[in-house]
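Asks: Going by full-length UniProt numbering, 6 is the number at position 6 of the sequence shown; the sequence numbering is gapless. Please find one structure pasted underneath; my questions will follow.
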Amino acid sequence: MIPLFILFYFIYLGIGFCWGMCKVKSSNAI
């Protein structure tokens, strides 16, 4: 069984990565 903190860590990384990509795309669009 996967420890919860590892699961939350990967979710945090995924959200952070998507947010960063959105910021880069929006800044490039402007």
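The beta carbon of each residue, even a glycine, is placed where N, CA and C say it ideally should be. Quick caveat, the model's predicted, so the values are computed rather than measured.
#1: Out of curiosity, what's the CA-to-CA distance linking L4 and G14?
#2: Can you tell me whether DSSP reads M21 as helix, strand or coil?
#3: Between P27 and the rest of its own chain, which residues show a CB-CB distance below 7 Å, the 5 nearest in sequence each way excluded?
#4: So what does DSSP say about I6, is it helix, strand or coil?
Replies: Looking at the coordinates:
#1: For L4 and G14, the distance between alpha carbons rounds to 15 Å.
#2: M21: helix per DSSP, three-state reduction.
#3: The sequence shown places Ser at residue 27, rather than the Pro named in the question. Here the set comprises nothing.
#4: In this structure, I6 counts as helix in the three-state DSSP scheme.
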